[in-house]
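Here's the structure, in structure tokens; my notes come after.
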DNA sequence: AAAGCGGGGAG
DNA sequence: CTCCCAGCTTT
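Residue numbers (this note's numbering): 2 to 399.
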């Protein structure tokens with residue numbers, strides 16, 4: 002925690018007396034009001050690491066069921082380290098930002114290899130784990146190991162900027178560093194983890210971005226932003242670049258009651274090593290059906306007939322506005338259809354026995370139930386749900 | 001429908 | 001520093 006002091010907020014630094022009042026009131030409020038969350042019932046550092054990885058960019062309500070299932074499946078660092086990446090992705094599927102899962106998996110392996118299976122207890126060591134930055138290192142150090150370290154996430158940054166009436170943008174590196182310094186000064190040595198969580202809880206439940214409930218705030222009398230009369234002016238926010246429209250076409254290809262799903266490459270880009278219905282970006286002016294047919298033939302070696310445009314999925318991620326048109330397709334039967342059927346049956350028996358993904362596998366004819374158990378990104382999960390809803394109807398064709 | 005939020009890593 | 005990852009809530 003040794004850092005050069007940045008002069009950014011020196012004038013904003015609260016006095017010792019203010020600090021004491023703040024920590025005391027905040028902790029008292031937290032003891033009274035804190036939510037009963039699964040990861041607050043444990044002191045297991047691994048469980049806290051998992052919860053913090055999931056909570057990045059994701060809200061508590063969405064995390065809870067994933068956390069429970071993940072901890073049941075991987076109850077220890079060793080069990081996570083021993084797992085296949087595809088299994089880890091599968092447990093994460095639907096939570097989004099899948100790099101977090103890959104990093105957490107890599108972190109578990111590093112903890113087993115280099116730290117004897119024990120989550121390192123020092124801020125600097127935590128920082129060396131994949132997927133662990135200053136925020137997560139501070140959160141785990143303070144919550145799991147009672148170390149006085151700042152954990153400045155979006156909630157905490159907003160709370161501090163309002164308390165001290167700092168009209169700065171916390172995403173600017175120097176501003177963020179200044180906020181960490183202030184946070185460090187506020188943390189009481191007795192309960193660092195609870196204090197950090199109290200700041201986050203306040204940001205999540207009272208000092209919210211658009212409609213803060215100032216009258217219910219335990220530290221309102223110390224809040225400089227409230228004194229100005231315009232708490233919403235703090236912190237300053239940056240303008241976001243306009244979002245970009247992306248057109249995609251996607252093929253739901255049926256054959257003998259199964260659908261073709263493909264696994265994306267593992268080297269770069271989004272949704273690495275995850276499964277999807279064959280999908281490709283549609284360049285402006287190109288014919289969707291032809292694009293799809295060519296794409297599937299070239300990448301999967303499967304000849305298809307495009308039957309009908311069937312659904313439209315709208316998916317917004319960060320600055321991309323994706324419109325995905327889903328086409329129902331039929332695989333053209335090959336001449337050796339009989340032999341193929343037999344192969345398919347053999348494949349089915351094998352997969353029913355064990356559901357694991359072969360690391361080499363890049364495509365599969367799978368039933369909807371099988372697909373449900375593969376790691377799928379959010380848009381393809383929605384397509385799967387739509388196909389399942391229509392299952393009875395399409396069943397007529399098989 | 002649009003805007004807002006937002007950690008960590010790579011380069 | 002800037003850009004990328006690939007998703008939810010709030011308004």
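Beta carbons: idealized from backbone N, C-alpha and C, even for Gly.
Self-check item: Reference residue 166; option with closest CA among 148, 232, 257 and 183
Solution: Of the candidates 148, 232, 257 and 183, the residue whose Cα lies closest to the Cα of residue 166 is 232.
Exercise. Determine which residues share a DSSP beta bridge with residue 224 and list them.
Key: Residue 224 pairs with nothing; no bridge assigned.
Self-check item: Backbone CA spacing between residue 304 and residue 103 [nearest angstrom]
Solution: Approximately 34 Å, taken between the alpha carbons.
Self-check item: Cβ-Cβ distance between residue 363 and residue 264 below 8 Å
Solution: Residue 363 places its beta carbon less than 8 Å from that of residue 264.
Quiz item: Taking the Cβ atom as the reference point for each residue, do residue 378 and residue 272 lie within a distance shorter than 8 Å?
Solution: In this structure, residue 378 lies near residue 272, with their beta-carbon atoms less than 8 Å apart.
Quiz item: Which residue from 123, 238, 185 and 229 puts its Cα closest to that of residue 210?
Solution: Selection 123, 238, 185 and 229 evaluated against residue 210 yields 238 as nearest (Cα-Cα).
Practice problem: May I ask you to list the residues that DSSP assigns as paired with residue 49? | Solution: None; residue 49 has no bridge partner.
Quiz item: Taking just the CA atoms, how far does residue 289 sit from residue 89?
Solution: Roughly 34 Å between the two C-alpha positions.
Self-check item: Boundaries of the alpha helix (DSSP H) in which residue 328 is found, first to last residue
Solution: Taken as a continuous stretch (DSSP letters only), residue 328 belongs to no alpha helix (DSSP H), being part of the beta strand (DSSP E) at 321-332.
Exercise. Check each candidate in 78, 24, 147 and 244 and name the one with the smallest Cα separation from residue 47.
Key: When each option's Cα is compared against that of residue 47, the closest is 78.
Practice problem: Could you tell me the boundaries of the beta strand (DSSP E) in which residue 305 lies? | Solution: Segment 305-318, the beta strand (DSSP E) holding residue 305.
Quiz item: Is DSSP giving residue 252 helix, strand or coil here?
Solution: When DSSP states are grouped into helix, strand and coil, residue 252 belongs to the strand group.
Exercise. With a threshold of 16 other CB atoms inside 10 Å of the CB of residue 179, please say whether the residue is buried or exposed.
Key: Buried is the call here.
Quiz prompt | residue 242 burial status per 10 Å Cβ neighbour count (16 or more: buried) | solution = Around the beta-carbon of residue 242, fewer than 16 other beta-carbon atoms lie within 10 Å, marking it exposed.
Practice problem: Can you give me the Cβ contacts of residue 320 inside the same chain, cut-off strictly under 8 Å, excluding the 5 residues immediately before and after it? | Solution: Sequence-distant Cβ neighbours of residue 320 in its own chain, meaning closer than 8 Å and more than five residues away, are 241, 242, 243, 244 and 245.
Exercise. Output the residue ranges of the alpha helix (DSSP H) runs that lie fully inside the segment 158-221 and measure 4 residues or longer, sorted by chain position.
Key: Runs of the alpha helix (DSSP H) inside the segment 158-221: 174-187 and 193-206.
Self-check item: Counted within 10 angstroms of its Cβ, other Cβ atoms place residue 325 as buried (16 or more) or exposed
Solution: Answer is buried; the Cβ neighbour count reaches 16.
Self-check item: Nearest residue (CA-CA) to residue 224, options 283, 162, 108 and 249
Solution: Cα-wise, what sits closest to residue 224 is 162.
Self-check item: Rounded separation between residue 14 and residue 208 - CA only
Solution: Straight-line spacing of the CA atoms in residue 14 and residue 208 works out to 20 Å.
Self-check item: As assigned by DSSP and simplified to three states, the class of residue 62
Solution: DSSP places residue 62 in helix when its eight states are reduced to three.
Quiz item: Given residue 171, which residues of its chain have a CB within under 7 Å of its CB, disregarding the five upstream and five downstream residues?
Solution: Only 158, 162, 177, 180 and 236 meet the Cβ criterion.
Self-check item: Own chain, CB closer than 8 Å to residue 280, minus 5 neighbours either side, in chain order
Solution: Cβ neighbours of residue 280 beyond the five flanking positions: 249, 250, 251, 252, 325 and 381.
Quiz item: Going by alpha carbons, who is nearest to residue 160 out of 198, 123 and 203?
Solution: Selection 198, 123 and 203 evaluated against residue 160 yields 203 as nearest (Cα-Cα).
Quiz prompt | Any 3 or more C-beta pairs closer than 8 Å across the segment 93-102 and the segment 18-29 | solution = Too few Cβ pairs lie closer than 8 Å, so no.
Quiz prompt | Three-state class that DSSP yields for residue 264 in the structure shown | solution = Residue 264: strand per DSSP, three-state reduction.
Self-check item: Buried or exposed (CB count within 10 angstroms, at least 16 for buried), residue 52
Solution: So residue 52 ends up on the buried side.
Quiz item: Just the Cα atoms here: how many angstroms apart are residue 198 and residue 144?
Solution: So the alpha carbons of these two residues sit roughly 8 Å apart.
Quiz item: Relative to the C-alpha of residue 293, which residue among 118, 302 and 307 is closest?
Solution: The residue among 118, 302 and 307 with its C-alpha nearest the C-alpha of residue 293 is 307.
Practice problem: Identify whether residue 367 lies in helix, strand or coil by the three-state DSSP scheme. | Solution: Three-state result, residue 367: strand.
Quiz item: How long is the line joining the alpha carbons of residue 128 and residue 135, rounded to whole angstroms?
Solution: Between the C-alpha atoms of residue 128 and residue 135 there is a straight-line separation of about 7 Å.
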